[in-house]
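Undergrad: Protein chains in written order, with the numbering used here: chain X, 7 to 428; chain R, 6 to 266.
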Amino acid sequence: MRFIMRAIIGFFRLFYQSVFLSLSQIWANKTRSILTTIGIVIGVASVTAVIAALSGLKAKILTQVETLGSNTIFIQPKRPDTGPLQHAPWWSIRFLPEQFDGMLEHCPSVKRFGRQTWAGSQTVSFREKSVENVSIRGIEPDCHKIESRPVMLGRPLSVIDEMQVRQVCLIDPKLRNDLRLDRDCIGQPILIGHNTFYIIGVLEPRPESLFGGGDQERSEIFIPFKTSFKLQRYLYIGVLAESKSAEVSEDARAEISFFLRRTRNIKPGEPDNFEVMSLQNLLDMFNKMALIVTMVASGIVGISLLVGGVGIMNIMLVTVSERTREIGLRKAVGAKKSAILTQFLIESVVLCFVGGLVGIGFGQLLTTGIANIPKVELDMAYIPLWAIGISFGFSGAVGIFFGMFPAIKAARLDPIEALRHE
Amino acid sequence: MIAAEADKPTIKPQGDKSVIKLKDITRIYKVGVERIHALDGISLELKENEYVAVMGASGSGKSTLMNVLGCLDRATSGYYGLDGQDTTKLSDAALARVRNERIGFVFQSFELLSQLTAIKNVEMPLIYSRNGWRSRRKRAQSVLERVGLSDRIKHKPNQLSGGEKQRVAIARALVCGPSILLADEPTGNLDSKTSESIMELFDKLHQEGQTIIIVTHEEFVAHHAERIIHMKDGRIFSDMPSNRKKANETEMYHEEQGRAS
Ligand SMILES: Nc1ncnc2c1ncn2[C@@H]1O[C@H](COP(=O)(O)OP(=O)(O)OP(=O)(O)O)[C@@H](O)[C@H]1O
Ligand SMILES: [Mg+2]
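#1: Using 8 Å as the cut-off, can you tell me whether the region 133 to 146 of chain R makes contact with the region 221 to 231 of chain R, which would need three or more C-beta pairs spanning the two stretches below that distance?
#2: Please list, in chain order, the chain R residues whose beta carbon lies closer than 8 Å to that of ARG331 (chain X).
#3: Between the alpha carbons of ARG133 (chain X) and CYS191 (chain X), how many angstroms are there, rounded?
#4: Residues in the region 14 to 44 of chain X with C-beta within 9 Å of chain R's C-beta atoms, listed in sequence order?
#5: Within 7 Å: the Cβ of SER63 (chain R) and any heavy atom of ligand 1?
#6: On the DSSP letters alone, give me the boundaries of the beta strand (DSSP E) that ALA188 (chain R) sits inside.
#7: Just checking: is the beta-carbon of ASP12 (chain R) within a distance shorter than 8 Å of some beta-carbon in chain X?
#8: Between the alpha carbons of ILE185 (chain R) and THR216 (chain R), how many angstroms are there, rounded?
#9: Check whether the Cβ atoms of GLY375 (chain X) and SER397 (chain X) lie closer than 8 Å to each other.
#10: Once DSSP output is grouped into helix, strand and coil, what is the label at MET71 (chain R)?
#11: Who are the near neighbours of VAL111 (chain R) in its chain, counting only those whose CB is closer than 8 Å to its CB and skipping five residues on each side?
#12: Since TRP124 (chain X) sits in a beta bridge, which residues does DSSP pair it with?
#13: Let me check one thing: in DSSP terms, what residues is GLN82 (chain X) bridge-paired to?
#14: Assign LEU100 (chain R) to buried or exposed, taking buried as 16 or more other Cβ atoms, counted over all protein chains shown, within 10 Å of its Cβ.
#15: Where do the ends of the alpha helix (DSSP H) carrying ARG418 (chain X) lie?
#16: What are the start and end residues of the alpha helix (DSSP H) that includes CYS358 (chain X)?
#17: Of all the CB atoms in chain R, is at least one closer than 8 Å to the CB of LYS342 (chain X)?
#18: Kindly provide the ranges of any alpha helix (DSSP H) runs that are 4 or more residues long and lie completely inside the region 90 to 167 of chain R, ordered along the chain.
#19: For ASP107 (chain X), which three-state DSSP category applies?
#20: Just checking my contact of GLN128 (chain X) with GLY199 (chain X) at CB under 8 Å: how many whole Å lie between their CB atoms?
#21: Please tell me whether GLY369 (chain X) and ALA125 (chain X) are closer than 8 Å, where the distance is taken between their beta carbons.
#22: Take GLU146 (chain X) as the anchor and find which of X:ILE229, X:VAL324, X:GLY108, X:LEU187 has the nearest alpha-carbon.
#23: Just the chain X side, please: which residues come within less than 9 Å of ASP97 (chain R) by C-beta, in chain order?
#24: Can you pull the chain R neighbours of LEU419 (chain X), defined as C-beta to C-beta under 8 Å?
#25: According to the neighbour-count rule (16 or more other Cβ atoms, all chains shown, within 10 Å of its Cβ), is SER24 (chain X) buried or exposed?
#26: Taking the DSSP output, what are the residues bridged to THR216 (chain R)?
#27: CA-CA distance, GLY153 (chain R) and ILE124 (chain R)?
#28: Got a list of residues with beta-carbon closer than 7 Å to any non-hydrogen atom of ligand 2, in chain order?
#29: Beta-carbon of ILE41 (chain R) versus every beta-carbon of chain X: anything under 8 Å?
#30: So does VAL36 (chain R) have its beta carbon nearer than 7 Å to some heavy atom of ligand 1?
#31: Taking 8 Å as the cut-off, does the region 36 to 46 of chain R touch the region 226 to 244 of chain R (at least 3 CB pairs, one atom from each stretch)?
#32: If I measure Cβ to Cβ from SER200 (chain R) and keep anything under 7 Å in the same chain, skipping five residues before and after, which residues do I get?
#33: Pull out every residue of the region 182 to 204 of chain R whose Cβ sits closer than 7 Å to any Cβ of chain X, in chain order.
#34: Taking the DSSP output, what are the residues bridged to THR202 (chain X)?
#35: Using a beta-carbon distance below 8 Å, is ALA338 (chain X) in contact with chain R?
#36: Per DSSP, what kind of secondary structure is SER52 (chain X) in: helix, strand or coil?
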């Protein structure tokens, strides 16, 4: 027991001494230390930046899942990967509204669904003010319930608006400002193209979105689904659906696919010309992609750490041979092999830690950089704590692994030979 | 002055306790097929507080003897007892501990660590010592005082003169309270005046009770010692008291009494 305590205290002393000694060595050889640790710095900086980007993307997707609800299912036309429709023009595979009639009866796992159209960009005006390039979406009332875009003033679109093909609309607050409308603008007529629509409500601003697409600068107007066909005859239709629970979301996807293959007359053996994706699906896809990116990045990082490690080993060998007399002296005054080994091992680990620290600093700079690139959805990029831990862990491991050989070499030196060196 | 060094007895010891006992020590180097007998059957006994100079032609085996005495090197055969303990069967780690606790080495070229201050250099052996950690600053300071360098504590080696460097090195050798102080040509890199002052320091340490062995080529250095051993071809050629000891034994004793108080 006493022996163990002594050994621990002895190690602690040596540790403390060696850390200070190696820091002063690193400081004394600044240029050399910087050049040596560049490999480590690059490795750590890139791994932290990649992890930061992925973490940011994931955080973003999770926020998205919160606004959309994880039971949401997206249905879109899609060219099959094989078969004659591979290069089909989009209008030949577009959805027709009636292809979804009766879907709820045939798909027991689907709670509700809503069709929506993208009626392109239009110029919207109120009195003398007009705003160009406003995106117009026609939606069925159920879309409101699936995608949570609360109405902060007025009322949402209703089934009656839909049935009577009313010319009513929901606008967002930005458009209200741009058109110089009153705060309470309910009932005001605005012109969309050449058609007059009456405002029935104001939506909350759009949350930052990955899938909703488009940039934040563009205003949006929601009008009833059927009304949108008045603006344009042929429209691109997409469908939002919601499964009854997260557990049956896969069932719901299967049911929808089966249903759509029938209504779209796809013969057995032919590939789908549409896709049904759940948010869970997207999340899985993201995770898969993140894994691949992580693996590729780890490969690159591994190589740079290897190169960095060889650099460390090289410099430690130089250090050992430069300080041969010092080693001889330390042995002469009573340093054991283990003490010399510890000293040089700690020196190489400290060197790597310094590299790791600088690398994390650069990684933070890179992260701030990518977070500020406009129009790239990486503004939530951040370095998680565990990534810092991993960076230090790897730096330390590289230090121990590549410092071991030089340290053993130092420990094995014969004191007399060492003192006679040079 | 002496009281500050806690590990040393403050009274001059009687000098009948054996510190070093060598019996038929050989050290054979193999170079290719050739066998070089650097030490060829050395038998020697040293009592506590002896002051010995080792002389001899270059290549006669003086440094080899010092390395064996300092446990830096192992004898090829023979018995080496230090403070009554057989060192020939000790492990490397145990030898390191012996070097740390019982042997002080002084080198011709000082061997100070250039990036450390004088006091840090002196503290260095205490890092490796079992019970030297806690009071190391104080101990280093008192031993620097003992060698007359209390005003150069914060200087780096390149800010010190040759003589001062050697004093720091001697302080470092003394800091763990060794049984013997081994100096291999300690004045080899110094001019004669500085050499003389370093030798006076050795004299003083001897009076304080330190057992000392000095290797030297210079007569005037050797004559500070009380016993002179001549070596030739790895053997002891002659071993006799120095003139100084023979002539002035009683007179010196009085003089020492006067200086020490
Ligand atoms: N590592 C070694 N390998 C082979 N021979 C050696 C080795 N070290 C010393 N010798 C030989 O041993 C003999 C004694 O050497 P040593 O260094 O002890 O001499 P010295 O008396 O100290 O000489 P100097 O006064 O020049 O310092 C010499 O002949 C030398 O060549
Ligand atoms: Mg020699």
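Cβ coordinates follow ideal geometry from the N, Cα and C atoms, glycine included.
TA: Quick look at the numbers:
#1: Result no; under three Cβ-Cβ pairs closer than 8 Å.
#2: What ARG331 (chain X) touches in chain R: GLU116.
#3: ARG133 (chain X) and CYS191 (chain X): Cα-Cα distance of roughly 13 Å.
#4: Of all residues in the region 14 to 44 of chain X, ILE15, GLY16, ARG19, LEU20, GLN23, LEU27, SER30, GLN31, ALA34 have a Cβ within less than 9 Å of some Cβ in chain R.
#5: In this structure, ligand 1 has a non-hydrogen atom nearer than 7 Å to the beta-carbon of SER63 (chain R).
#6: DSSP places ALA188 (chain R) inside the beta strand (DSSP E), whose first and last residues are 185 to 189.
#7: A caution first: ASP12 (chain R) carries a pLDDT of 47, below 50, which makes its placement in the model unreliable, though a value can still be read off. For ASP12 (chain R), the answer is no, since every Cβ of chain X falls outside 8 Å of its Cβ.
#8: Their backbone Cα atoms lie some 5 Å apart in a straight line.
#9: No, these two residues do not count as a Cβ contact at 8 Å.
#10: In the three-state scheme derived from DSSP, where H, G and I count as helix and E and B as strand, MET71 (chain R) is classed as helix.
#11: Within the same chain, and ignoring the five residues on either side of VAL111 (chain R) in sequence, the residues whose Cβ sits closer than 8 Å to its Cβ are GLN171, ALA174, ILE175, ALA178, LEU186, LEU187, ALA188, ASP189, PRO191.
#12: Assignment of beta-bridge partners to TRP124 (chain X) by DSSP yields X:ARG143, X:TYR242.
#13: Assignment of beta-bridge partners to GLN82 (chain X) by DSSP yields X:GLU281.
#14: By the neighbour-count rule (16 or more Cβ atoms within 10 Å), LEU100 (chain R) is buried.
#15: From DSSP, the alpha helix (DSSP H) with ARG418 (chain X) extends over 391 to 418.
#16: 343 to 377 is the span of the alpha helix (DSSP H), which, as asked, contains CYS358 (chain X).
#17: Yes - at least one Cβ of chain R is within 8 Å of the one on LYS342 (chain X).
#18: Restricting attention to alpha helix (DSSP H) runs no shorter than 4 residues, the region 90 to 167 of chain R encloses them at 97 to 107, 123 to 132, 141 to 151, ordered along the chain.
#19: Look at ASP107 (chain X) here: in three-state DSSP terms it is coil, with no helix or strand label.
#20: Confirmed, about 5 Å.
#21: Contact: no.
#22: In this structure, X:ILE229 is the residue among X:ILE229, X:VAL324, X:GLY108, X:LEU187 with its C-alpha nearest to the C-alpha of GLU146 (chain X).
#23: Per Cβ cutoff of 9 Å: LYS342, LYS343.
#24: Contacts between LEU419 (chain X) and chain R, judged by CB atoms closer than 8 Å, are missing: the closest CB pair is about 12 Å apart.
#25: With 16 or more other Cβ atoms within 10 Å, it is buried.
#26: THR216 (chain R) pairs with R:ILE185.
#27: Linking GLY153 (chain R) to ILE124 (chain R) through their CA atoms gives a straight-line distance of about 13 Å.
#28: Listed by position in the chain, the residues whose beta carbon lies within less than 7 Å of some heavy atom of ligand 2 are R:LYS67, R:SER68, R:ASP189, R:GLU190, R:VAL220.
#29: Chain X, which has no Cβ nearer than 8 Å to the Cβ of ILE41 (chain R), makes this no.
#30: Taken from the Cβ of VAL36 (chain R), at least one heavy atom of ligand 1 lies inside 7 Å.
#31: With the cut-off at 8 Å, the region 226 to 244 of chain R and the region 36 to 46 of chain R touch.
#32: Hits under 7 Å: THR192, VAL226.
#33: For the region 182 to 204 of chain R, the set of residues with a beta-carbon nearer than 7 Å to any beta-carbon of chain X is empty.
#34: Paired residues: X:LEU197.
#35: Yes - at least one Cβ of chain R is within 8 Å of the one on ALA338 (chain X).
#36: Looking at SER52 (chain X) - three-state DSSP - the assignment turns out to be helix.
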